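Below is one structure, written out as structure tokens; the observations come after it.
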Amino acid sequence: MEPALLRAARAYDPDYVVLLNTTIGQRERAAPGTVLPNLDGRVVDGEERVRLLEQVSDTQCDDPAGERARQTVAEACSPYRRQGHGMAEERLVSLGLGDAAAPLTPLSAIPHMAGGPYLTAPPRWGGALGVMVAAQCGIFDEPELGDPPVLDERERQHLLEWLLSDDSRPAGGPPEALLGHLLALFRDGDDPLRAGTAFQRTTYGLGQVSFGHRPRNHVTFVIGDGAADFAAAYARKLMYGDGWWLPSELSPCGTDTKAERMRLLLQNAAVTRSAYRNGRVTVCTVSAGAEAVAATVEALRTPAVLLVSFTGASQRQLYEKAVVSGDLGFPRDGAMSYALEADLDHPVAIPAAADEDGTVTMLSPTPAPDISDSQLRESPELTWQVEVRPESPGAPTGRGLDGSHLLTPGTDPYLTWVRSGRYGTRFESHRYDFVAAGTPRLSRLARPKLRELSLRQWADCLAGQQEKSVRLSDAGRRAEVLATLLGGREQLAATFAGPLLPVLRGFLSDRPATPERYPGGEGVVLHAAGTNDAGYEGYLTFDGMKSFDPREDENALAADVDSMVTARMLIRGIIVNCEVCGRVNFISLDLAGRTITCPRCQASNPLTSTRWRQPLSGPTWYFDLHPVARDLLRDNGEVPLQLAHHLRSRARRYTDSAELELCNGSGSALVELDLPAYADGQVIVAEAKSSRTLGNRPPKEAKKKVEAADILQADQLIFATTETAWEGSSLSAIRNAVRHHRWTSGEPPAIRIITALGLNTCQDQRMNYQDDQLSPW
Numbered sequence: 018m019e020p021a022l023l024r025a026a027r028a029y030d031p032d033y034v035v036l037l038n039t040t041i042g043q044r045e046r047a048a049p050g051t052v053l054p055n056l057d058g059r060v061v062d063g064e065e066r067v068r069l070l071e072q073v074s075d076t077q078c079d080d081p082a083g084e085r086a087r088q089t090v091a092e093a094c095s096p097y098r099r100q101g102h103g104m105a106e107e108r109l110v111s112l113g114l115g116d117a118a119a120p121l122t123p124l125s126a127i128p129h130m131a132g133g134p135y136l137t138a139p140p141r142w143g144g145a146l147g148v149m150v151a152a153q154c155g156i157f158d159e160p161e162l163g164d165p166p167v168l169d170e171r172e173r174q175h176l177l178e179w180l181l182s183d184d185s186r187p188a189g190g191p192p193e194a195l196l197g198h199l200l201a202l203f204r205d206g207d208d209p210l211r212a213g214t215a216f217q218r219t220t221y222g223l224g225q226v227s228f229g230h231r232p233r234n235h236v237t238f239v240i241g242d243g244a245a246d247f248a249a250a251y252a253r254k255l256m257y258g259d260g261w262w263l264p265s266e267l268s269p270c271g272t273d274t275k276a277e278r279m280r281l282l283l284q285n286a287a288v289t290r291s292a293y294r295n296g297r298v299t300v301c302t303v304s305a306g307a308e309a310v311a312a313t314v315e316a317l318r319t320p321a322v323l324l325v326s327f328t329g330a331s332q333r334q335l336y337e338k339a340v341v342s343g344d345l346g347f348p349r350d351g352a353m354s355y356a357l358e359a360d361l362d363h364p365v366a367i368p369a370a371a372d373e374d375g376t377v378t379m380l381s382p383t384p385a386p387d388i389s390d391s392q393l394r395e396s397p398e399l400t401w402q403v404e405v406r407p408e409s410p411g412a413p414t415g416r417g418l419d420g421s422h423l424l425t426p427g428t429d430p431y432l433t434w435v436r437s438g439r440y441g442t443r444f445e446s447h448r449y450d451f452v453a454a455g456t457p458r459l460s461r462l463a464r465p466k467l468r469e470l471s472l473r474q475w476a477d478c479l480a481g482q483q484e485k486s487v488r489l490s491d492a493g494r495r496a497e498v499l500a501t502l503l504g505g506r507e508q509l510a511a512t513f514a515g516p517l518l519p520v521l522r523g524f525l526s527d528r529p530a531t532p533e534r535y536p537g538g539e540g541v542v543l544h545a546a547g548t549n550d551a552g553y554e555g556y557l558t559f560d561g562m563k564s565f566d567p568r569e570d571e572n573a574l575a576a577d578v579d580s581m582v583t584a585r586m587l588i589r590g591i592i593v594n595c596e597v598c599g600r601v602n603f604i605s606l607d608l609a610g611r612t613i614t615c616p617r618c619q620a621s622n623p624l625t626s627t628r629w630r631q632p633l634s635g636p637t638w639y640f641d642l643h644p645v646a647r648d649l650l651r652d653n654g655e656v657p658l659q660l661a662h663h664l665r666s667r668a669r670r671y672t673d674s675a676e677l678e679l680c681n682g683s684g685s686a687l688v689e690l691d692l693p694a695y696a697d698g699q700v701i702v703a704e705a706k707s708s709r710t711l712g713n714r715p716p717k718e719a720k721k722k723v724e725a726a727d728i729l730q731a732d733q734l735i736f737a738t739t740e741t742a743w744e745g746s747s748l749s750a751i752r753n754a755v756r757h758h759r760w761t762s763g764e765p766p767a768i769r770i771i772t773a774l775g776l777n778t779c780q781d782q783r784m785n786y787q788d789d790q791l792s793p794w
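Each number in this note's numbering corresponds to the 1-based position in the sequence shown with 17 added.
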């Protein structure tokens with residue numbers, strides 16, 4: 018299976034991954050003479066072979082290689098499947114002549130289906146143009162072994178204009194001769210110039226939709242003569258509307274008339290528009306070499322006709338900026354699919370409850386997923402897919418998560434088929450539990466109770482399918498406590514990654530003497546009474562906090578202090594001594610009254626000037642930092658929060674989790690995940706350090722992070738540090754671990770190297786694990 022095509026399938030994430038079962042007759046027609054019938058141990062030939070093939074023509078062929086490829090795709094995707102009796106059962110695995118269509122709906126089951134005229138590829142058109150026409154408009158009849166179409170130059174030009182346009186027919190209408198080639202039979206009185214395509218006959222009531230960001234004015238040319246080149250270009254066209262296949266017979270390279278015409282056609286169709294609209298034309302390949310890609314880029318950058326530029330840049334400069342070589346990309350975000358136009362995007366309010374992990378569980382079933390189109394409703398065989406999309410970023414979608422995890426506890430797993438779809442939870446429209454005869458139509462529709470997993474719960478469910486588990490680490494527990502105080506992880510990250518960070522660090526002290534830690538009188542140092550390893554804690558006045566604040570804006574600081582005092586992240590109080598034991602202690606405002614109780618000896622002390630000494634007019638206000646925040650800062654727990662803040666600032670949709678531990682089946686921790694995140698449809702596993710190295714054994718640490726990224730099917734693996742650079746040994750360890758690991762998805766995630774985290778000089782780069790090169794992210 019070509020990795021590029023596996024990436025495309027994984028990004029599209031289909032409801033069903035099926036093997037098209039071919040018959041003996043189909044194989045013989047596609048490749049005459051290759052089927053060798055065997056009768057009683059002898060190979061049959063001549064007229065006897067012809068008669069025997071006619072008798073077994075409709076017999077389906079075994080296809081072990083095809084089934085292996087199907088399983089590879091299914092394992093990389095999340096088709097409808099459920100666990101039963103210790104193994105996974107897929108909803109639909111094959112289609113072929115005579116197979117039942119369910120759960121798919123045959124075209125014949127849709128009443129009032131419009132007739133012709135429709136454009137269809139002639140069944141005997143072969144070659145690159147024949148394949149491109151079939152991909153553009155579909156084909157009604159079973160294809161036969163044929164030759165490239167015989168067209169005059171004008172017809173060929175019109176055909177290419179149509180194939181390289183977004184419209185369903187060439188500009189100005191196709192010539193009559195071309196219609197004669199492509200039109201299926203149609204009714205008298207139909208206007209052939211208004212012909213749709215054969216594909217459009219299968220999309221009644223449907224429209225193409227996408228969610229997320231998709232670049233505008235982007236075109237992808239896939240060059241090469243291989244089947245994988247065509248398939249990759251076709252996948253780009255179906256998913257993003259921008260993929261065009263350029264086999265060698267349509268190459269713009271060269272100085273002959275044919276190449277010059279092709280270059281002009283491609284520039285008119287795509288390059289000029291993209292260049293003048295700040296778009297991008299990417300040339301890539303599956304089978305061709307780098308030299309062929311470079312030659313195509315150079316040909317497309319060379320203007321065939323000079324145009325007037327209104328930007329101040331020459332046309333050549335605009336083309337050079339727009340046309341680039343690149344890799345075949347298939348992002349999940351922005352991929353298109355079909356949906357019922359009349360029933361798209363219905364907002365529904367369903368009562369739900371959230372648990373402490375953030376998983377949201379429906380308290381009532383989904384509404385009946387009925388459809389609006391009266392003609393479609395007339396079909397008793399019609400089934401459809403229902404997708405429930407949460408408003409929040411939610412948990413990652415797809416990635417092989419078993420659909421049973423998305424049902425609320427107690428829901429019948431056989432009510433309907435459920436899966437984790439591309440943008441949300443999907444389920445089949447009809448019930449498959451007991452449905453009595455005569456049950457009304459709406460009552461036959463499935464109404465499951467679903468749940469939206471938190472990122473942590475999702476990771477635990479996915480790891481559980483591999484006999485592992487996920488739990489909060491000690492550092493993660495501290496972060497969760499503080500997130501609860503501040504109102505969420507976004508507020509927590511903003512607090513510890515913003516200008517307040519040096520203020521919060523000002524509360525830490527590894528020195529026992531106040532003059533050494535606070536020479537300007539910013540605060541005092543007290544013994545911590547065994548509450549942490551250092552043994553000493555700092556307490557700051559408001560003026561002391563001002564000295565640590567880089568903003569030099571006391572109004573902004575006052576507002577932040579008020580917010581943190583309200584959240585009980587900071588505690589306002591006084592520092593007094595005890596007349597009995599002599600200890601100096603911080604007493605919160607809530608506990609300071611006419612008398613105070615010493616927290617060490619429990620003696621009651623009248624609150625008089627001898628307790629605070631100076632100034633005589635009254636005690637000075639000091640502030641204490643929450644002990645969990647102190648412990649988090651002392652263990653550099655702010656670094657993952659700085660990384661979270663950095664990632665959130667670059668994403669449109671973002672959610673993350675506190676630090677997790679990935680554990681084996683016995684519950685022993687295997688590796689810590691400093692920052693699991695989900696940003697713009699991509700799963701991120703990140704390591705965040707305050708040093709230049711991955712520890713004493715970088716190869717071992719890098720290997721553990723790589724294995725964790727594979728288990729969670731991460732799209733990005735990040736190594737971030739607050740230092741200005743990583744040590745070369747750590748970078749080499751990362752590269753080697755990524756290169757030598759056998760990735761479940763077939764290829765590694767993007768490797769992201771971040772340095773100077775939290776500084777204005779922060780560098781965010783992509784690592785090429787093949788050659789160690791770093792480039793801007």
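From the three backbone atoms N, C-alpha and C, an ideal C-beta is built for every residue, glycine too. Here the structure is a predicted model, which is why all the values come from computation and not from measurement.
In its own chain, which residues sit with a C-beta less than 7 Å from the C-beta of residue i, not counting the 5 before and 5 after it?
| i | result |
| --- | --- |
| D691 | P657, E676, A703, E704, A705 |
| R231 | Y257, G351 |
| P187 | Reliability fails at P187, whose pLDDT of 40 lies under 50, so the model's placement of it is uncertain and no value is given. |
| R66 | P54 |
| L112 | V35, L37, N38 |
Rank the options by C-alpha distance to the C-alpha of residue i and give the top, closest one.
| i | options | result |
| --- | --- | --- |
| T741 | N753, L711, Q730, L776 | L776 |
| V874 | F640, C680, R171, P793 | Past the edges of the chain, shown from 18 to 794, lies residue 874, and the structure says nothing about it. |
| Q482 | S227, G271, A737, C680 | C680 |
| R333 | F347, Y355, A316, S342 | A316 |
| D164 | W142, F157, I156, Y251 | W142 |
| V148 | Q780, D79, A576, W261 | W261 |
| P567 | Y449, R611, L517, E308 | L517 |
| V593 | T289, V578, P623, F736 | P623 |
| D246 | A725, M279, V310, I588 | V310 |
In angstroms with no decimal places, state the Cα-to-Cα distance between residue i and residue j.
| i | j | result |
| --- | --- | --- |
| L502 | T583 | 9 Å |
| S580 | F238 | 54 Å |
| L345 | V314 | 15 Å |
| E172 | Q153 | 16 Å |
| N285 | A292 | 11 Å |
| S182 | R44 | 33 Å |
| G213 | A151 | 14 Å |
| C618 | S605 | 17 Å |
| N38 | E159 | 14 Å |
| A385 | R233 | 37 Å |
| T137 | E266 | 23 Å |
| I367 | M379 | 7 Å |
| D450 | A356 | 26 Å |
| I591 | A725 | 48 Å |
Assuming residue i and residue j make a contact with CB atoms under 8 Å, what is their CB distance in whole Å?
| i | j | result |
| --- | --- | --- |
| G523 | G555 | 7 Å |
| I701 | Q733 | 5 Å |
| D781 | R752 | Not a contact, Cβ separation roughly 18 Å. |
Less than 6 Å between C-beta atoms, sequence neighbours within five positions excluded: which residues of the same chain meet that for residue i?
| i | result |
| --- | --- |
| S389 | A359, D360 |
| R600 | R617 |
| P382 | R464, K466 |
| Y251 | A152 |
| E678 | R488, S490, A686, E689 |
For residue i, count neighbouring Cβ atoms within 10 angstroms of its own Cβ and tell me buried if that reaches 16, exposed if not.
| i | result |
| --- | --- |
| Y97 | buried |
| A339 | buried |
| H363 | exposed |
| K721 | buried |
| M104 | exposed |
| Q659 | buried |
| Y135 | buried |
| D79 | exposed |
Apart from the five residues on each side of it in sequence, which residues of its chain come closer than 8 Å, Cβ to Cβ, to residue i?
| i | result |
| --- | --- |
| A767 | D732, Q733, L734, R783 |
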